[in-house]
Every structure is written in structure tokens, then in C-alpha cells.
Amino acid sequence: MSKKNESKKLQLKLVRSINGCIDKQVKTIQALGLSKINSIAVHNDNDAIRGMIFVVKHLIEVTPL
1100 MSKKNESKKL QLKLVRSING CIDKQVKTIQ ALGLSKINSI AVHNDNDAIR
1150 GMIFVVKHLI EVTPL
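All residue numbers for the sequence shown refer to the working numbering, where the first residue is 1100 and numbers rise by one.
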């Protein structure tokens, strides 16, 4: 099997509240599929997701899978 078919995944967990955050951060959290504290979403590791993570890095916890 080729390694190109095996894409890396990232597990994202919302660990802080979005209350008081600017609108861009709230929309980014929603786009990542996170809604409540301790909610978890799994995404492929790509540049678009990395950019979204950078915007809300103080609110989430990232774990590679």
C-alpha cells in the first residue's frame, strides 16, 4: 500500500468557552464542527484546517491521530 492514501488526522477538542470571542473565531469554531466545551471533531491534516486551528489555537486542544 502506498502512504499517499493514508492521510494523517487531527483530533480537535474545544476546551475553552467561545463567550467573548470575536465573530471570526466563533464562526471558525462552528466550521470546525465544535459546539460545546469538550466536544471533539476529527479532520484531515491539511493547510486549510491548519489555518483554522491557528485562528482559534487558544480555545482548542489538538491531538494527532
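Think of the CB as a built atom: it goes at the ideal place given N, C-alpha and C, for glycine as much as any other residue.
Counting C-beta atoms within 10 angstroms of its own C-beta, Ile1159 has 16 or more neighbours from the protein chains shown and is therefore classed as buried. In the assembly as shown, Ile1117 is a buried residue. Its beta-carbon has 16 or more other beta-carbons within 10 Å. When C-alpha distances from Ile1136 are compared across Ser1106, Leu1113, Pro1163, the shortest belongs to Leu1113.
Look at Lys1108 here: in three-state DSSP terms it is strand. His1142 is bridged by DSSP to Leu1109.
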